[in-house]
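Taking the UniProt record's numbering, I'd label the letters of the sequence shown as residues 1 to 452. For glycine and all other residues, C-beta sits at the position ideal for the given N, C-alpha and C. To start, the structure itself, in structure tokens.
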Amino acid sequence: MNNLPNNVEFYKNYLNLLYSSPDTWSQNWLKKAQKLNEKLFSNQPEQSESVTEIIGQLRDIFEQINYDVNQQNYDVNQQNIRDYCRVIFNYCELTQDWRDWGNWTEQEIAKGVGTDAPWLYCGLGRYLEEIGQLQKSIDYHQAGILASQEAGDKIFLAWNHLGAGIALQRYNQPDDAERHLLQALKLFEQQNHLYLQANTLANLGSYYDRFDKSNLAVNCYQESASILREIENYFDLGRILYSQGIAHLNLNQIKEAELVFLDAQELCETTENWYFLALSYYGMGWLEYKKSHFLKSKDFLENSLRQIKKAKELGTGASRLSFPEIEGNIYILAAAAYSKGSQPNFEAAERYLDQAELAYNQLDYATEKLLNVLANRARIYEYSENWSQAILAFSELLKEGKRLNSMKIIGDAAIHLIRIYYKKSASLGEWLKLLNQLGYLGFISLAKRFHR
């Protein structure tokens with residue numbers, strides 16, 4: 001397969017456009033994008049152009065449109081901007097390169113949705129999910145489902161079910177998420193839309209992996225990958241293989257995970273899918289961490305962060321989009337890797353936790369993520385024998401666990417506090433104070449852990 005973009009014809013067209021009138025110019029960009037968009041998710045692979053080549057051309061068009069609209073280089077009427085939003089949506093979804101798309105769509109919705117409600121609500125819902133605004137995303141997709149049903153728009157009815165399922169699983173509403181994802185899959189199968197079947201299967205796999213059903217997740221990812229190979233969409237295949245690798249890691253299938261991560265890296269490099277190349281390095285960093293190869297883990301994680309920076313600089317994803325949660329996860333794992341091994345670097349580990357906290361604070365579901373930062377910070381204090389800071393941090397974690405009624409958080413904090421008090425040879429008075437601090441819930445959580 002030839003995945004390297006060849007844009008000679010595209011740039012010939014570009015030169016012709018330079019000498020066109022502004023109105024003709026904008027319309028020609030739109031027509032070119034519409035033709036490419038029709039090919040992007042085709043069931044029949046094009047012999048002349050690969051998906052990677054199509055993406056390269058759409059990226060160039062999007063860059064020009066994005067610049068011209070924002071700089072007001074020509075008079076773009078309302079309908080043109082709306083048409084741009086629609087025709088570039090699939091590209092944004094596939095590449096994570098949203099740039100100003102969400103702002104344009106919000107402005108278009110404010111002007112009135114009309115018959116465009118199904119796709120406008122869907123598109124903005126997907127954008128909001130990418131930036132971590134999950135409740136707003138769910139609301140727009142629910143509005144999109146109603147609008148699609150009223151309009152008889154089956155394709156965006158399926159899309160809105162898919163978007164709702166993606167946001168709901170991240171919002172920790174598993175039953176509703178599964179219902180929407182299965183409905184989306186059923187609708188896409190009825191329409192014989194192969195790419196969107198593969199995409200839905202991948203998100204169903206993510207749902208299963210998130211809720212401790214990783215065997216089912218692997219099956220979904222394998223089925224999704226099979227469809228993508230059938231339609232020769234190698235650009236997105238890297239994403240699926242990365243996700244499959246994570247599921248293998250959750251099952252402690254180290255060899256299987258390594259094989260698919262390596263395949264994902266090769267595909268992402270070939271197709272210039274920088275975002276999921278970064279994630280495949282993150283996957284390998286986690287794999288090496290699980291093997292207690294902390295130096296190798298740090299190298300992969302540093303490479304992952306460099307690739308994310310590259311994706312931002314190249315415009316394939318704006319700094320706020322899609323990155324906060326995954327960047328936070330990478331920083332958390334990097335902090336853990338730097339705090340382990342024969343020569344731990346606790347200062348570097350704390351700096352990574354500071355970065356993780358900044359990333360997670362951009363999310364509207366930050367509570368659980370920030371508690372994870374606190375837990376890792378407390379562990380670093382414990383490893384470095386900074387007992388007073390460790391006790392303060394784990395005490396705060398215990399308090400938050402009780403507030404959330406989370407036996408897992410309570411039990412984790414309780415065990416570490418007991419260990420710290422033992423290591424520091426606490427006095428009888430300190431032990432009595434700790435026992436009072438643990439309280440009923442602390443003892444119950446400890447009893448459950450020891451019982452297991």
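**Request:** Please state whether DSSP places Tyr365 in a helix, a strand or coil.
**Result:** For the purposes of this step, residue 365 is taken as residue 365 along the sequence shown, with counting starting at 1. Coil.
**Item:** For Gly102, the three-state DSSP class (helix, strand or coil)
**Value:** Translated into positions along the sequence shown, residue 102 becomes position 102. Secondary structure at Gly102: helix, using DSSP grouped into helix, strand and coil.
**Asked** For Gly205, which of Tyr242, Lys298 and Asn192 has the nearest alpha-carbon?
**Response** Indexing the sequence shown from 1 puts residue 205 at position 205. Closest by alpha carbon: Tyr242.
**Request:** Note down, one range per segment and in chain order, each alpha helix (DSSP H) of at least 4 residues found wholly within the segment 406-452.
**Result:** Every alpha helix (DSSP H) of 4 residues or more that sits fully in the segment 406-452 is shown, in chain order, as 407-423 and 428-451.
**Request:** Under 8 Å Cβ to Cβ from Glu129, same chain only, skipping five residues before and after it: list those, please.
**Result:** Translated into the one-based positions of the sequence shown, residue 129 becomes position 129. Result list for Glu129: Ser137, Gly163, Ile166, Ala167 and Arg170, in chain order.
**Asked** Once you ignore the five residues that flank Glu258 on each side, which residues in its own chain have a CB closer than 7 Å to its CB?
**Response** Residue mapping note: residue 258 aligns to position 258 of the sequence shown, counting from 1. For Glu258, where only same-chain residues beyond five positions count, the Cβ hits under 7 Å are Leu287.
**Secondary structure of Ile81, DSSP reduced to three states** = Walking along the sequence shown from the start, residue 81 turns up at place 81. In this structure, Ile81 counts as helix in the three-state DSSP scheme.
**Message:** Does Asn273 come out as helix, strand or coil in the three-state DSSP assignment?
**Reply:** As a first step, residue 273 must be located in the sequence shown, where it is residue number 273. DSSP places Asn273 outside both helix and strand once states are collapsed to three, so it counts as coil.
**Prompt:** Can you give, in chain order, each stretch of the beta strand (DSSP E) that sits fully within the segment 289-342 and has at least 3 residues?
**Reply:** Runs found: none.
**Asked** Within this structure, are the beta carbons of Arg126 and Glu108 separated by less than 9 Å?
**Response** Stepping through the sequence shown from its first residue, residue 126 is reached at position 126. Stepping through the sequence shown from its first residue, residue 108 is reached at position 108. Not a contact, by the Cβ cut-off of 9 Å.
**Message:** Which same chain residues end up closer than 8 Å to Trp104 when comparing Cβ atoms and leaving out the 5 residues on each side of it in sequence?
**Reply:** As a working note, residue 104 is residue 104 in the sequence shown. The residues are Val69, Ile81, Tyr84 and Cys85.
**Request:** Return the residue from the list Gln44, Asn43, Thr52 and Gln57 that minimises the CA-CA distance to residue 475.
**Result:** The first residue shown for the chain is 1 and the last is 452, placing residue 475 beyond what the model contains.
**Item:** Enclosing alpha helix (DSSP H) for Lys402 [first to last residue]
**Value:** Taking the first residue of the sequence shown as position 1, residue 402 is located at position 402. Unbroken alpha helix (DSSP H) run through Lys402: Trp387 to Leu404.
**Message:** For the alpha helix (DSSP H) containing Asn160, name the first residue and the last one.
**Reply:** In the sequence shown, counting from the first residue as 1, residue 160 sits at position 160. That run of the alpha helix (DSSP H) goes Lys154 to Arg170.
**Prompt:** Are three or more beta carbon pairs between the segment 269-277 and the segment 236-254 nearer than 8 Å?
**Reply:** Touching, yes, given that three or more Cβ pairs across the two stretches are closer than 8 Å.
**Asked** Just curious, the alpha helix (DSSP H) that Phe235 is in, first and last residue?
**Response** Start at 1 with the first residue of the sequence shown, and residue 235 comes out as number 235. It spans Tyr234 to Asn250 - the alpha helix (DSSP H) in which Phe235 sits, taken as one unbroken run.
**Request:** Measure how close the beta-carbons of Asn376 and Ile332 come, nearest whole angstrom, since I'm counting them as under 8 Å.
**Result:** Locating residue 376 in the sequence shown gives position 376, counting from the first residue. Locating residue 332 in the sequence shown gives position 332, counting from the first residue. About 6 Å; that satisfies the 8 Å criterion.
**Item:** Cβ neighbour criterion (16 or more within 10 Å) applied to Gly401
**Value:** Along the sequence shown, one-based indexing puts residue 401 at 401. So Gly401 counts as buried.
**Prompt:** What's the call for Lys369, buried or exposed, on a 16-neighbour Cβ count within 10 Å?
**Reply:** Taking the first residue of the sequence shown as 1, we reach residue 369 at position 369. By the Cβ-count criterion, Lys369 is buried, with 16 or more other Cβ atoms from all chains shown falling within 10 Å of its own Cβ.
**Message:** To the nearest angstrom, how far is the alpha carbon of Ile61 from that of Lys310?
**Reply:** Locating residue 61 in the sequence shown gives position 61, where the first residue counts as 1. Locating residue 310 in the sequence shown gives position 310, where the first residue counts as 1. Going by the C-alpha atoms only, they are around 20 Å apart.
**Asked** Run through DSSP, which three-state label would Asp97 get?
**Response** Stepping through the sequence shown from its first residue, residue 97 is reached at position 97. In the three-state reduction of the DSSP assignment, Asp97 falls in the coil class, being assigned neither a helical nor a strand state.
**Prompt:** Which first and last residues belong to the alpha helix (DSSP H) in which Ile145 is found?
**Reply:** Translated into the one-based positions of the sequence shown, residue 145 becomes position 145. Where Ile145 is concerned, the enclosing alpha helix (DSSP H) stretches over Leu134 to Ala151.
**Message:** Give me the residue from Ala278, Ile246 and Pro118 with the minimum Cα distance to Leu301.
**Reply:** As a first step, residue 301 is located in the sequence shown; it is residue number 301 there, counting from the start. Closest option to Leu301, Cα to Cα, is Ala278.
**Request:** Out of Leu187, Glu313, Lys290 and Glu38, state which residue places its alpha-carbon closest to the alpha-carbon of Ala336.
**Result:** Taking the first residue of the sequence shown as 1, we reach residue 336 at position 336. Checking every option, the nearest Cα to that of Ala336 belongs to Lys290.
**Prompt:** What is the rounded straight-line gap between the Cα of Thr115 and the Cα of Gly439?
**Reply:** For the purposes of this step, residue 115 is taken as the residue at position 115 of the sequence shown. For the purposes of this step, residue 439 is taken as the residue at position 439 of the sequence shown. Taking the straight line joining both Cα atoms gives about 59 Å.
**Prompt:** Do you know offhand how far Ala247's Cα is from Gln253's?
**Reply:** To locate residue 247, count along the sequence shown from 1; it is residue 247. To locate residue 253, count along the sequence shown from 1; it is residue 253. Note on geometry: alpha-carbon atoms of Ala247 and Gln253 lie some 9 Å from one another.
**Other residues of its chain near Tyr381: CB distance less than 7 Å, five sequence neighbours each side excluded** = Position 381 of the sequence shown holds residue 381. Gln389, Ala390 and Ala393, listed in sequence order.
**Message:** For Val87 and Asp97, I'd like the C-alpha separation in whole angstroms.
**Reply:** What you label residue 87 is simply residue 87 of the sequence shown in a count that begins at 1. What you label residue 97 is simply residue 97 of the sequence shown in a count that begins at 1. Straight-line Cα distance between these residues: approximately 14 Å.
**Asked** Taking C-alpha atoms, which residue in Leu94, Glu63, Gln197 and Tyr234 lies nearest to Asp100?
**Response** Within the sequence shown, numbered from 1, the residue matching residue 100 stands at position 100. Cα-wise, what sits closest to Asp100 is Glu63.
**Message:** Once the 5 residues before and after His161 are set aside, which same chain residues still bring their CB inside 6 Å of it?
**Reply:** For the purposes of this step, residue 161 is taken as residue 161 along the sequence shown, with counting starting at 1. Here the set comprises His180, Gln183 and Ala184.
**Request:** Could you check which residue in Ser292, Ile308, Thr367 and Glu357 has the C-alpha nearest to that of Lys340?
**Result:** Your numbering for residue 340 matches position 340 in the sequence shown. For the residues Ser292, Ile308, Thr367 and Glu357, the minimum Cα distance to Lys340 belongs to Ser292.
**Prompt:** How big is the Cα-Cα spacing for Ser395 and Thr367?
**Reply:** Along the sequence shown, read from residue 1 onward, the residue named residue 395 stands at position 395. Along the sequence shown, read from residue 1 onward, the residue named residue 367 stands at position 367. Ser395 and Thr367 have their C-alpha atoms spaced approximately 17 Å apart.
**Prompt:** In terms of alpha-carbon separation, which member of Ile308, Glu347, Glu313 and Gln343 lies closest to Gly328?
**Reply:** The count along the sequence shown starts at 1 and reaches residue 328 at position 328. When each option's Cα is compared against that of Gly328, the closest is Ile308.
**Asked** Below 9 Å between beta carbons: does that hold for Asn250 and Ser214?
**Response** Along the sequence shown, read from residue 1 onward, the residue named residue 250 stands at position 250. Along the sequence shown, read from residue 1 onward, the residue named residue 214 stands at position 214. Pairing Asn250 with Ser214 gives a Cβ-Cβ distance under 9 Å.
**Request:** Please name the residue, chosen from Tyr360, Thr200 and Asn66, that lies closest to Leu223 on a Cα-to-Cα basis.
**Result:** Indexing the sequence shown from 1 puts residue 223 at position 223. Note that residue 223 is Glu in the sequence shown here, rather than Leu. Closest option to Glu223, judged by alpha-carbon separation, among Tyr360, Thr200 and Asn66: Thr200.
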